[in-house]
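In terms of this note's numbering, the sequence shown opens at residue 238 and continues consecutively. Glycine included, each C-beta is placed from N, C-alpha and C at the ideal position. On a predicted model such as this, the values are computed, not experimentally measured, just so you know. These notes are about the structure you will find just below.
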Amino acid sequence: MKSPKILVYTPQAKETEKYVEILRSHGCTQIAAASTPEEAERHLPETEVLLCWKFPIQLLPSPAAADVKWVQSMGAGVDDWVSAGEMPSRIVITRILDQFGGPIAEYVFAYLLSLAKDLPRLRTAQSERRWEPFVTGFLQNKTIGVAGLGSIGAEIVRKARAFDMKVTGLSHSGRQAHLVDRHFGPHEWSSFVQELDYLVLTLPLTNETRHVVDRQVLLAMKPDACLVNVGRGSLIAEADLIDVLRSGHLQAAVLDVFEQEPLPADSPLWEMPNVFVTPHLSGPSTPEDVGRFFVQNLERYVQGKPLAGVVNLELGY
């Protein structure tokens, strides 16, 4: 494949080289690799395409980046690009689509099932050789609310149907409202959450969604409801969540994303018994899958066709 000069950037050199190998195996020849801002700046001249994760965005307005026309993010979230301010108008930004729904939905239901069946209690009883039967909970007929009905939210809805759950949804556009039993708009949070047994966040981070789940929304939830965040950490006002959980409101919070990552060692969330902390692993980006998506998009780019996953910076996704 004849291709423009491509710069592959990730902060991990070994991962960067893996992407380079994948692109070369697909016939790409003009490839540079960088894992530090200094390396990126050195390789930017004549680069037309960036395949990157956590790229030093401050380099793009520089003369060295004058030829960059397309940025392919390795993830689904692009809040770093959105928050970077005004981008050169010539640059198109795309994000990965339709690769994370399955893994993230599995993550969500692993925890929902564990909470409903109280698996930690069973494991403790086994370790202590105690035979203590009890009636577990069920997902059947429980109400799950999915905030964000893109490809990830839609897959969570699909799996919820398999467990015979009642499903509601909240989204900005309402385009996927047909997937859920009842749909709410972005100004109906209190009504949306008040009957939920489980609230799952898959929203992108925008000016409108930052800290949208605050004390008011959390206290509008049922006292025994559970919160799961697999979207972006700043969807939740973290200080409000900590206060609400300490008050005994909410059964549990399952958090894969946080306002600051890595989660600081002094965060109270680490030690709270009704909080489950995981290190942003629910939707992994693998070089093989991301590389395949990029190569397909590169073919469109070379042929002058519309790219998949184009980001609207004004909307934030």
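Drop a sphere of 10 angstroms on the beta-carbon of residue i, count the other beta-carbons inside from all chains shown, and report buried for 16 or more, exposed for fewer.
i      : result
Trp507 : exposed
Gln309 : buried
Lys251 : exposed
Arg360 : exposed
Gln540 : exposed
Arg469 : buried
Thr446 : buried
Asn534 : buried
Leu376 : buried
Leu518 : exposed
Pro501 : exposed
Trp368 : exposed
Val449 : buried
Lys542 : exposed
Asp234 : Past the boundaries of the shown model lies residue 234; the chain is included only from 238 to 554, so the question cannot be answered.
Gln363 : exposed
Gly485 : exposed
Since residue i and residue j should fall inside the 8 angstroms C-beta cutoff, what is the C-beta to C-beta distance between them, to a whole number of angstroms?
i      : j      : result
Leu482 : Asn511 : 6 angstroms
Val467 : Val514 : Going by Cβ atoms, the distance from Val467 to Val514 rounds to 13 angstroms, so no, they are not a contact pair.
Gly382 : Gly406 : 7 angstroms
Lys354 : Gly374 : 7 angstroms
Phe337 : Ile389 : 6 angstroms
Leu440 : Leu472 : 6 angstroms
Asp451 : Asp480 : Asp451 to Asp480, Cβ: 11 angstroms. No contact.
Glu285 : Val305 : 6 angstroms
Glu425 : Thr380 : Glu425 to Thr380, Cβ: 15 angstroms. No contact.
Just reading off the alpha helix (DSSP H) that residue i is part of, what are its end residues?
i      : result
Gly387 : Counting along the chain, Gly387 falls outside any alpha helix (DSSP H), and DSSP gives it neither H nor E.
Ala457 : Arg452 to Ala457
Tyr554 : It is not in any alpha helix (DSSP H) - Tyr554 carries neither H nor E in the DSSP assignment.
Val481 : Glu475 to Arg483
Ser427 : Trp426 to Val430
Lys251 : Ala250 to Ser262
Ser555 : The requested residue 555 does not occur in the structure, where the chain is confined to residues 238 to 554.
Val319 : Asp316 to Val319
Leu535 : Pro524 to Gln540
Sort the options by Cα distance to residue i and report the nearest one.
i      : options                           : result
Asp526 : Ser504, Leu297, Gly312 and Ala457 : Gly312
Met458 : Pro357, Leu407, Asp477 and Asp434 : Asp434
Ser408 : Ile268, Leu376 and Phe429         : Phe429
Phe530 : Tyr256, Gln249 and Leu244         : Tyr256
Leu442 : Glu365, Pro241, Ile381 and Gly553 : Gly553
Ile268 : Leu260, Ile389 and Ala391         : Leu260
Leu297 : Lys291, Leu288 and Leu281         : Leu281
Glu498 : Pro516, Pro505, Gly485 and Leu464 : Pro516
Val548 : Asp355, Leu492 and Thr331         : Thr331
Leu550 : Gln336, Pro274, Glu323 and Glu258 : Glu323
Asp227 : Trp318, Leu386, Ala414 and Asp418 : With the chain represented from 238 up to 554, any question about residue 227 goes unanswered, as that position is not in the structure.
Ala490 : Ala301, Tyr246 and Tyr348         : Tyr348
His420 : Leu386, Pro248 and Arg537         : Leu386
His263 : Ala277, Ser240, Glu285 and Thr273 : Ser240
Ala277 : Tyr246, Ile328 and Leu440         : Tyr246
Pro524 : Leu244, Ile243 and Glu254         : Glu254
Glu536 : Ala303, Trp307 and Ala270         : Trp307
Trp318 : Ala342, Val305 and Lys291         : Lys291
Pro300 : Arg279, Ser522 and Ser320         : Arg279
Ser272 : Leu456, Pro293, Glu258 and Thr266 : Pro293
Ser326 : Ala303, Pro340, Gln413 and Tyr344 : Ala303
DSSP beta-bridge partners for residue i?
i      : result
Arg419 : Thr405
Trp307 : Val286 and Val329
Val245 : Ala270 and Leu288
Tyr435 : Ile381 and Cys463
Val514 : Leu492
Val547 : Thr331
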